[in-house]
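Please read the structure below before turning to the comments.
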Amino acid sequence: MLRGIYRVDERFIHGQVLEGWINYYQLKNIIIVNDDIASDSLTANIYRSILSNDISLSIYSMNDFLNGYKTLGLENKSFLLLVGNIADLQALSDTFFDKLYINIGCLVTNSENKIALSDCVYVSHDDIEIIDKLSKAHVININKLPWERPVPLERFLTI
Amino acid sequence: MIRIVILTHGLFGEELLRTAEMIVGKQDAVDVISIEGSVSMSEATKKLESLMALNDHKYLVFTDMFGGSPANISMAYLASNVEVVSGVNLPMLLKAFTLRMKKVEELKEFAEEIVRAGVSSIKMASTFLSGGK
Chain A
328 MLRGIYRVDE RFIHGQVLEG WINYYQLKNI IIVNDDIASD SLTANIYRSI LSNDISLSIY
388 SMNDFLNGYK TLGLENKSFL LLVGNIADLQ ALSDTFFDKL YINIGCLVTN SENKIALSDC
448 VYVSHDDIEI IDKLSKAHVI NINKLPWERP VPLERFLTI
Chain B
2 MIRIVILTHG LFGEELLRTA EMIVGKQDAV DVISIEGSVS MSEATKKLES LMALNDHKYL
62 VFTDMFGGSP ANISMAYLAS NVEVVSGVNL PMLLKAFTLR MKKVEELKEF AEEIVRAGVS
122 SIKMASTFLS GGK
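Going line by line, the protein sequences match chains A and B.
Residue 401 in the numbering used here is what sits at position 74 of the first sequence, and the numbering runs on without skipping anything.
Residue 8 in the numbering used here is what sits at position 7 of the second sequence, and the numbering runs on without skipping anything.
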């Protein structure tokens, strides 16, 4: 089981993540688990160019991470793990620590067909089912920045 | 003429252009893309692609913050006819417009001169004004 900050954000590394989560918690280990980015060297290089040299960025496909996370030596490290959607969050659930605080940053793709939970978080009914299930063991908040008051997703589960 | 695209968070780019045009007048061949929180990366990418559809033109894309979504999107389009400069400020945009008036057409030279203008425009007054405490 791993300790770390888990975040769902389809923009992965961007201004809020850099100035907020990475700088605020002085994180040195960033992990992206996403099949598209794992096979997109250009985007991976752009993300690497953004981070200072003392920050490690590891990018994995979902299968590679699930098969190999126990060998990564993450147990004693603080890290930020980024996924791009709720389904990927669910796929990672076996790696979760007993009780985890998960933040959701930006989910706006295909927003017209989804339910708005905030100005930058839109979810499908399937997403809500997953959140409902995960919320029984973990705390899932909409939380753009660490110094902002998190909005618990439990309040939306009755819709 | 080198075409300019300003791609920023929120309405910063629109206001920056409006302010620059207050100083140097209305400009041609300049477009702004504003990325609000509710705009997806794919939507912003489509807008940028539609503005840069002319392969025989040169483009300078200004973005606000290196590492932010606007810069991340833009960097994927780096090419011989596309340069990206982050950290845009008013003196940089003014320099771009005045260089275009001087018919500077070489993209790398254009971008380098703008970066120099941006850096040199940042001053801390007490370091060069006597009597500063």
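Here a beta-carbon is modelled for each residue, glycine too, at the ideal position from N, C-alpha and C.
From a predicted model like this one, the values you see are computed outputs, not experimental measurements.
Among the residues facing chain B, I377(A) is included, as its CB has a counterpart in that chain under 8 angstroms away. Put simply, the CB of M42(B) is near chain A, with a gap under 8 angstroms to one of its CB atoms. The alpha-carbon separation between V435(A) and D391(A) amounts to approximately 26 angstroms.
Given a length threshold of 4 residues, each whole run of the alpha helix (DSSP H) inside the stretch 4-82 of chain B is given here in chain order: 13-25, 42-52 and 70-76.
The alpha-carbon of L52(B) is positioned some 29 angstroms away from that of N412(A). Counting C-beta atoms within 10 angstroms of its own C-beta, M125(B) has fewer than 16 neighbours from the protein chains shown and is therefore classed as exposed. With respect to the 8 angstroms criterion, V89(B) and L17(B) are classified as neighbours on the basis of their beta carbons. In terms of beta-carbon proximity, D381(A) stays away from the interface with chain B, with every pair separated by 8 angstroms or more.
Annotation for R334(A): V344, W348, L407, L408, L409, V410, I429, N430, I431 and G432 place their beta carbon closer than 8 angstroms to its own, counting only its chain and skipping 5 residues before and after. Under the DSSP assignment, L472(A) falls outside any alpha helix (DSSP H); it carries neither an H nor an E label. For the C-beta of G342(A), the chain B residues within less than 8 angstroms are, from N- to C-terminus, H10, M66, G68, G69 and S70. A check of alpha carbon separations from A77(B) across S445(A), P473(A), S376(A) and L472(A) identifies S376(A) as the nearest. Shown here, E481(A) sits in a helix according to DSSP, grouped into three states. Closest by C-alpha distance to E337(A), out of Y352(A), I359(A), N350(A) and Y351(A), is I359(A). In the three-state scheme derived from DSSP, where H, G and I count as helix and E and B as strand, Y352(A) is classed as coil. In this structure, DSSP gives A443(A) an extended state, which the three-state scheme calls strand.
Listed as beta-bridge partners of N468(A) by DSSP are N430(A) and P479(A).
I3(B) is positioned such that its CB atom lies closer than 8 angstroms to that of L61(B). Under the 8 angstroms criterion on CB atoms, S438(A) is classed as interfacial with respect to chain B.
Within the stretch 35-61 of chain B, those residues whose Cβ lies closer than 9 angstroms to any Cβ of chain A are, in chain order, E37, G38, S39, V40, S41, M42, S43 and E44. Note: L408(A) is bridge-paired with Y333(A) and I358(A) in the DSSP secondary-structure output.
Listed by position along chain B, the residues whose Cβ is nearer than 7 angstroms to that of D446(A) are G38 and S39. Sequence-ordered contacts of the stretch 74-87 of chain B with chain A read M76 and A77 [C-beta pairs closer than 8 angstroms]. DSSP places S462(A) in the uninterrupted alpha helix (DSSP H) bounded by H452 to S462. CA-to-CA, the gap between F129(B) and N380(A) works out to about 33 angstroms. Secondary structure note for L416(A): its alpha helix (DSSP H) is the uninterrupted segment I413 to A418. Within the stretch 332-366 of chain A, those residues whose Cβ lies closer than 8 angstroms to any Cβ of chain B are, in chain order, E337, R338, I340, H341, G342 and L345. Rounded to the nearest whole angstrom, the C-alpha separation of L100(B) and V83(B) is 17 angstroms.
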